[in-house]
Structure formats: C-alpha cells, structure tokens
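Residue numbers (my numbering): 1209 to 1730.
From the three backbone atoms N, C-alpha and C, an ideal C-beta is built for every residue, glycine too.
Please read all numbers here as calculations on a predicted model, not as lab measurements.
Below is one structure, written out as structure tokens, with a few remarks after it.
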C-alpha cells in the first residue's frame, strides 16, 4: 500500500474509532491481523506477463490457467479462431486453452486509490478487499456496496458507515462486531438485530433501543454503563491490538435446562408450480429448450454457489447453515437457532441488572442469552421454499440470500434481481443462469465478473457485450465467439449449433461438463 493510500485509510480509522469509542486507539497498521479475521479466502496468482501478484476474489479457476492483472490486459484481444475451432464445445475449449487469460486486480469504473484488491467498481481508497461497489474508505473488507463508507474488517453489507468487523448487514451506522443486522445504529457486539439503536451485547432484538444484554434501560443509565464498558473494550484493544470476537465470548455449549420457547412462524403457502414456471421460462429463453423439473438440475445449479445444509436448532427444530462462506464456521454449532426462534429468544432472555457492573460480569451472563442464526427474514416475502435468507423477495427456491429479488432458485446472493438460477452474487440482473460476481446482465449463461451484458454465454471480465460467446476481457462487442468477430448470420448459425449441443447434454445428464471456471485451463 502506498503512503498516500495508507495515510487516508489511517485517518479514517482514527476518526471511526473516535466515533465508536470516544477516543483513538492507535495506528491502523497495528490492527492488520485483527481486521483481517473475517475475510473470505481469496487467492494470489502470478501474472504471466510481469510475474507480479494477481488478486482474485473467487478462487474457482483452474490451477494451470493463465492470469494477468487488469492493468496489463489488452482489451478486445483477437484470438483469430477458425471455423473448425468453434464448431463444437470441445473444439472451442481446446482453442481457448491456448489463448484465454483470466484477469484479477480488477478496478473498474470510477475507481481510484486501490491496492491488493479485486472486483472494485466505482469505489475509492480501497485496500485488501474484494467485491466492493460504490464505496469509499474500505480496508480488509468484502462485498461492501451501495454507498458504504469507513468499512474496516467488515463484509457482506450494503449502506454501512463507520463499521468495524461487522458482517451481514444493511443500513448500519456506527457499529462494531455486529452481525446479521438491519437498519441499526450505535450497535456493539450484537447479533440478529433489526431496526434498533444503542445496543450492547444484544441478540434477536427488533425495534429496540438502549439495551444491554437484551435488558432495556433508561437512556441516562444506558449512556453511563455504555461509557464504562466501551472504555474497558477500547483499553484492551489499544493494549493488545485485538479483542475476542462475539463468537469467542460466548460458551460453545448451550445453557443447561434451557426453557422452551414458542416462536411465531409466518404463514406462507408453498407453491412449487410458480418456481417451476419461472425456471422453465428462463431456461427456455437462454437455451432454447424446455427443461425438466428444477429439482433435476440442482447439482448443476449448485456448482460454484454457496451450499446450505439443514442442521438441528438448540430448541429442537431445524435451521440452516451455509458451507464454505465467511463467518459461519465461527458460529457456535450448539447455539444455532432459526430466525423465528432467535426473535422469540430475544424477547424471553435477558441479563440481570447486577451483571452490568463490569465487562467481565456481563460477559459471564451471555451464556443464557446468546443464540446465533444464519437465517434472515424481513420485509414482505412470498412463496419462500427452503431459502433461509430473504428480504422483500418472492418465489425463491433454496440457495442463500435473496434481497429484493423475484424468481430465484439455487442462487447465492441474488441482489435486486429476478429470474436468476444457479448464480452467485448476481446484482440488478434478470433471466440468467449460472452467472457469478456480475451485474446488469440480461439473458446470460456462465458469465464471471461481467457488467452490462446481454444474450451472452461463457464470458469472463467483459463489459457491454451483446450476442457473444466464450469471450475474455472484451468490451462493447457484438457477434463474437472466442474473441473472434463473426458476421451476424455466421454467429447465429454457430450459436444455434452450440446451444443444440448444450441442450442435448443437459437433457441427458442434467449438467454441463464445461463452465466459465474450467474452459480456460491450459
């Protein structure tokens, strides 16, 4: 990180700490390890051109693939493939293996002052981060978007400001170590709280304020105890440059003789016909074939997405836990609950007022109030089947996270999208299958790291494409296959043959051998 970028981020760190704790707690560089704890695994490859490190946000690419840095690529590089090279899928993949270059260190749009990061769009002052959109002053964070500012060690959050080590949030202000939260401000070490302000060590709260350990307090008393507790936390941070995570502060085992609770569950009809109709329409538009049931394609659709498994809740019901996704491996497995149990537990369990005399005495009381969920259910939702995280969404089948989305199936992180199936982190898109880390797509299949593309298939790091297939690092193109321009009629002819081959393979095997992550292997 160069001196100017560090100076700016360090200044922001000091301002953030002063806002959160009422004081600065030292230089940013001293907290590098502490602020990196929640980062997802990224990867570094070597550039085939310069040998320098290339950061990639999602390490699903072949080990022997060719990599370059965004600042080294030749946009619209012509592979000059012959008709024999593109006559069928296997021939195309062989030809691509000799030419294709995957790209990392991607700083796109109006981005500036970025280092050691990948997939950064319209963002400034970003270091050691991935999947950052429209955000500023971001350090060791991931999946921050929609105007987030001053994000340190945080992730998977939209519209967060002055957030430190916060994961899974929307509309957060002045929060530290607060996860699965929405529309909250001034929240410290809390979990699954929505519409709240002024919280410390709270769990499963809705529309509450001035609470410590789920115990509501008068404003003046809350302020007095908050100042004391935060002073203790800030003192330890300043001294040790770290503080235990919320997950470490809670005992691994649940409390003995835990009382029964009766959560209120939403009444929602499960209509698979609507799910099948949406999937069939999308599949037909993209592949020009009619599919079998979406259930027959779940293995294929789930590839390269976040896998979710059912697990028992501590109260004897069922909840869900994502696999291979940041933070969830840290959740105490014997304290898992579903979201409706979390809300009911938040109403039922609280610390005693005598425990508020010191931080240590309060932490000992967390045993009886701390429960964790990987579920999120808020807003107007309809026809949600096997999907544990939804916000203002409808007709969602399995997968993990649908936010302001409709007709989503086996997709992880469907954001403001509709008719998307088998995708991962798909934003403001529609009618797309198996697309990843992409936004503003329409009628696409197997796109990775692409922006503003339509009617395109198997493309990587492309922008503004229409009617293209098997392209790498292209912008503003139409009627291209394998980075080779074709006449409109020839393109249509080859596309028809390739889609016929894909349709037949999917009809027989219910999956495709090739995807955007393996077609570029040497």
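- CA-CA distance, residue 1506 to residue 1618, rounds to 7 Å.
- For residue 1501, the CB contacts under 7 Å within the same chain, skipping 5 residues up- and downstream, are 1484 in chain order.
- Note that the segment 1390-1401 does not touch the segment 1442-1449; fewer than 3 beta-carbon pairs, one per stretch, sit closer than 8 Å.
- If you draw a straight line from the Cα of residue 1439 to the Cα of residue 1407, it is about 15 Å long.
- Under the criterion of beta carbons closer than 8 Å, residue 1567 and residue 1544 do not qualify as touching, at roughly 26 Å.
- Here residue 1606 is buried. Its C-beta has 16 or more other C-beta atoms within 10 Å.
- Only residues of its own chain outside the window of five on either side were considered, and among them 1438 and 1442 have a CB closer than 6 Å to the CB of residue 1229, listed in chain order.
- Excluding its 5 nearest sequence neighbours in each direction, residue 1491 has C-beta neighbours in its own chain below 8 Å: 1497, 1498, 1499, 1629 and 1641, listed in chain order.
- Counting along the chain, the unbroken beta strand (DSSP E) around residue 1526 starts and ends at 1526-1530.
- In the three-state reduction of the DSSP assignment, residue 1627 falls in the strand class.
- Per DSSP, the unbroken alpha helix (DSSP H) holding residue 1570 starts and ends at 1567-1573.
- Selection 1494, 1609, 1220 and 1603 evaluated against residue 1369 yields 1220 as nearest (Cα-Cα).
- DSSP, read as helix, strand or coil, puts residue 1504 in helix.
- Judged by DSSP in its simplified three-state form, residue 1512 adopts coil rather than helix or strand.
- Following the DSSP letters along the chain, one finds residue 1431 inside the alpha helix (DSSP H) bounded by residues 1427-1448.
- Within the same chain, 1597, 1620, 1621 and 1622 come within 7 Å of residue 1609 by CB-CB distance, once the 5 residues on both sides are set aside.
- With respect to the 8 Å criterion, residue 1466 and residue 1639 are not classified as neighbours on the basis of their beta carbons.
- When secondary structure is reduced to three states using DSSP, residue 1706 falls in the helix class.
- Taken atom to atom, the span from the alpha-carbon of residue 1703 to that of residue 1677 is near 8 Å.
- The DSSP-derived three-state label of residue 1221 is helix.
- Put simply, the backbone Cα of residue 1276 is about 21 Å away from that of residue 1331.
- Here residue 1209 is not near residue 1709, since their CB atoms are 8 Å or more apart.
- As computed with DSSP, residue 1261 is found in a beta bridge with 1254.
- A residue is called buried when at least 16 other Cβ atoms come within 10 angstroms of its Cβ; residue 1415 does not meet this threshold and is exposed.
- Around the beta-carbon of residue 1535, 16 or more other beta-carbon atoms lie within 10 Å, marking it buried.
- Cβ contact annotation for residue 1664 (same chain, cutoff 6 Å, sequence separation greater than five): 1652, 1673 and 1676, in chain order.
- Under DSSP, residue 1535 forms no beta bridge with any residue.
- In the assembly as shown, residue 1592 is a buried residue. Its beta-carbon has 16 or more other beta-carbons within 10 Å.
- Look at the segment 1320-1348 and you find these whole runs of beta strand (DSSP E), each 3 residues long or longer: 1320-1323, 1326-1329, 1332-1335, 1338-1341 and 1344-1347.
- By the C-beta criterion, the segment 1505-1521 is judged not to be in contact with the segment 1376-1383, since fewer than 3 inter-stretch pairs fall below 8 Å.
- Annotation: the continuous beta strand (DSSP E) that includes residue 1396 extends over 1389-1399.
- Nearest neighbour of residue 1473 by Cα position, chosen from 1586, 1272 and 1634, turns out to be 1586.
- Going by DSSP, residue 1470 is part of no alpha helix (DSSP H) at all; its letter is neither H nor E.
- For residue 1403, the closest of 1671, 1551 and 1688 by C-alpha to C-alpha distance is 1551.
- Assignment of residue 1556 by DSSP, reduced to helix, strand and coil, places it in the helix class.
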